[in-house]
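Engineer: My questions all concern the structure below.
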Amino acid sequence: MHNITNIELKENFCIKNMTTFKIGGEIAKVYFPKSEFECVEILEKEPNAKVFGNFSNTLVSSYGCSGTVISTSKIDNIIFEDTRVIAGCGVKGPMLAKAAAEHGLSGLEFMIGFPGSVGGEVYMNASAHGQAISDVLESATLYTDNEGFFRFSNDEMQFAYRKSICHDNPYIVLGAEFNLKKKPVEEIQAKMNENLAFRKSHQPMMTLGNAGSIFKNPKGDSAGRLLDACGVKGLRSGGVKVWENHANFIVNDANGTSTDVLELMLQMYTRVKERFNIELEPEIKFLGGNNLREVEICKILYQK
Ligand code: EPU
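Note that the sequence shown covers residues 875 to 1178 in my numbering.
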């Protein structure tokens, strides 16, 4: 094992261009480990470090963050063994979907339109187009300070909608093994094309800064439908607005800030609460803490 000093570290690193929202200030320390072992080495020395993939489902404060962050984007190994695929936590969804398709393996076609990486997708049990991580995951490699490396089976991950056991425990997802089904490459490609076409017509493209769905769907309903009924489409806050074609997306079309996003989220949340008495739960994560107004809004939005 090498010394922590050999692991790529950027100090006072402006994260803006690494995030899909194209929003975010300077983070005091950002590590870029190249393997699970390097990641653990950092966590042993800096147990309070927060782990992120490629900041696709995250709003980073424009006022920055004084802590230490680990980006797993370079832990991107993929190994195929017959119908199994083992992927590092930093592998991007579309990359994995394409690689699986080339091997004639079906089950990950939904990942083609998700900009997130494997770690985050397993953590939150990402799903779309009738497929979910929980349908294909064989096991996940996890880590905690107390228990070190360990592996959990699909059952042990306790998957539910946008949820896994990791939400209630300090577990970090370092990798995952999926068990896929053999299918003709053309069939897999056709399903991926269909998913991409859906994304193009229903969701903003990544060239327009956004972080995917803003709120989780409440049980038995749709956040998009509820928000739409409250007339939020096109509602603007500074440099960001609710997307005109789907009320559960915020797009950064005019160099917005994290405060713009949080103020808008608060308006969306409040309208749905007042009209339907439903408290929407954010799907996106927030990383910040240096701005009082943002902390105040987060207390309301992230109360659970
Ligand atoms: N709807 C409206 N108005 C809107 C938006 C949606 O009435 O402004 C209605 C639609 O007509 C539809 C229903 O709400 O009847 C659901 O909308 P949609 O089909 O777009 O799906 P969604 O529930 O909003 C979910 C995931 C997406 C995933 C799609 C496709 C959540 C929060 N979102 O969206 O995931 O891509 O299904 O399977 O579960 C993400 O998590 O970032 C994400 C994009």
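The beta-carbon is built from N, C-alpha and C at its ideal position, and this holds for glycine as well.
1. Just list the beta strand (DSSP E) runs in the segment 1038-1118, keeping only unbroken ones of 3 residues or longer that don't cross its boundaries, in chain order.
2. Alpha carbon to alpha carbon, how far is Ile-953 from Ile-960?
3. Specify which residues have a beta carbon nearer than 6 Å to any heavy atom of ligand 1, listing them in chain order.
4. Do the segment 960-978 and the segment 893-905 make contact, defined as three or more Cβ pairs closer than 8 Å?
5. Provide the residue span of the beta strand (DSSP E) that contains Ala-902, from first to last.
6. Counting C-beta neighbours from all protein chains within 10 Å, is the total for Lys-1115 16 or more, i.e. buried, or is it exposed?
7. Between the segment 1078-1096 and the segment 1007-1015, can you find at least three pairs of beta-carbon atoms closer than 8 Å?
8. Sorted by chain position, which residues of the same chain lie with C-beta nearer than 6 Å to Lys-908's C-beta, five sequence neighbours on each side aside?
9. Please go through the segment 979-1048 and give each complete beta strand (DSSP E) segment of 3 or more residues, from N-terminal end onward.
10. Inspect the CB distances between the segment 930-943 and the segment 1013-1033 and report whether three or more fall short of 8 Å.
11. Quick one: grab the DSSP three-state call for Thr-847.
12. Opposite Ser-945 in the DSSP bridges: which residues?
Structural biologist: The structure says:
1. DSSP runs (the beta strand (DSSP E)) wholly in the segment 1038-1118: 1046-1053 and 1114-1116.
2. To locate residue 953, count along the sequence shown from 1; it is residue 79. To locate residue 960, count along the sequence shown from 1; it is residue 86. If you take the alpha carbons of Ile-953 and Ile-960, they lie about 5 Å apart.
3. Going by the Cβ distance cut-off, the answer is Ala-1002, His-1003, His-1076, Gln-1077, Gly-1086, Ser-1087, Lys-1090, Asn-1091, Ser-1096, Ala-1097, Gly-1098, Arg-1099, Asp-1102, His-1120, Ala-1121, Asn-1122 and Glu-1157.
4. no
5. Working through the sequence shown from its first residue, we reach residue 902 at position 28. It spans 900-905 - the beta strand (DSSP E) in which Ala-902 sits, taken as one unbroken run.
6. Numbered from its first residue, the sequence shown carries residue 1115 at position 241. Under this definition Lys-1115 is a buried residue.
7. no
8. Locating residue 908 in the sequence shown gives position 34, where the first residue counts as 1. Closer than 6 Å at Cβ, skipping near neighbours: Lys-948.
9. 1011-1018 and 1022-1027
10. Flag = no, the segment 930-943 and the segment 1013-1033 do not touch.
11. With the chain running from 875 to 1178 in the structure shown, residue 847 is simply not present.
12. Walking along the sequence shown from the start, residue 945 turns up at place 71. Secondary-structure assignment with DSSP links Ser-945 through a beta bridge to Phe-926.
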